[in-house]
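Asks: Residue numbers (the working numbering): 221 to 320.
The beta carbon of each residue, even a glycine, is placed where N, CA and C say it ideally should be.
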């Protein structure tokens, strides 16, 4: 009641942008300080590092959507992110084990 909704929305959008930028920078192993630094993400090396993270995020979103459509329990919907992340880690180490 004290803060207008657009102010809160703008603040949350800024936080989301900042978190997204930091995540992309960590995955691509580059430093993003300004908006013009985003061009560093357009090379093959950066895209190769970012692709698995985006794939996991898309998988979480898709599985969460499927769980909501099937009227899964609240507990099951809450377990989507941990299950996908643990499965991703397990797949990573299985691939690492077999490829050396």
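Verify whether the separation of the beta carbon atoms of residue 241 and residue 250 is less than 8 Å.
Replies: Translated into the one-based positions of the chain shown, residue 241 becomes position 21. Translated into the one-based positions of the chain shown, residue 250 becomes position 30. In this structure, residue 250 does not lie closer than 8 Å to residue 241 by Cβ.
Asks: What would DSSP say about residue 224, mapped onto helix, strand or coil?
Replies: Taking the chain shown and counting its residues from 1, one reaches residue 224 at position 4. It is coil, neither helix nor strand.
Asks: Find the nearest neighbour of residue 300 within the set 276, 319, 229, 222, judged by alpha-carbon distance.
Replies: As a first step, residue 300 must be located in the chain shown, where it is residue number 80. Nearest C-alpha to residue 300: 276.
Asks: Just how far apart, CA to CA, sit residue 309 and residue 295?
Replies: Residue numbering aside, residue 309 sits at position 89 when the chain shown is read from its first letter. Residue numbering aside, residue 295 sits at position 75 when the chain shown is read from its first letter. Taking the straight line from one Cα to the other gives about 22 Å.
Asks: Mapping DSSP to helix, strand and coil, what is residue 293?
Replies: Translated into the one-based positions of the chain shown, residue 293 becomes position 73. Of the three classes helix, strand and coil, the one that applies to residue 293 here is coil, per DSSP.
Asks: If you count every other CB in all the chains shown that lies within 10 Å of the CB of residue 245, and 16 or more means buried, which is it?
Replies: Taking the chain shown and counting its residues from 1, the one referred to as residue 245 is at position 25. Its Cβ being crowded by 16 or more others within 10 Å, residue 245 is buried.
Asks: Does the ligand COA have even one heavy atom less than 7 Å from the beta-carbon of residue 296?
Replies: Absence of the ligand COA is noted for the structure shown, with no ligands found whatsoever.
Asks: Helix, strand or coil for residue 252? Go by DSSP, reduced to three states.
Replies: Here residue 252 corresponds to residue number 32 of the chain shown, with the count starting at 1. Three-state DSSP puts residue 252 in coil, outside helix and strand.
Asks: For residue 258, which residues of its own chain have a beta-carbon under 6 Å away from its beta-carbon, when the five flanking residues on both sides are left out?
Replies: As a first step, residue 258 is located in the chain shown; it is residue number 38 there, counting from the start. So no residue of the chain qualifies.
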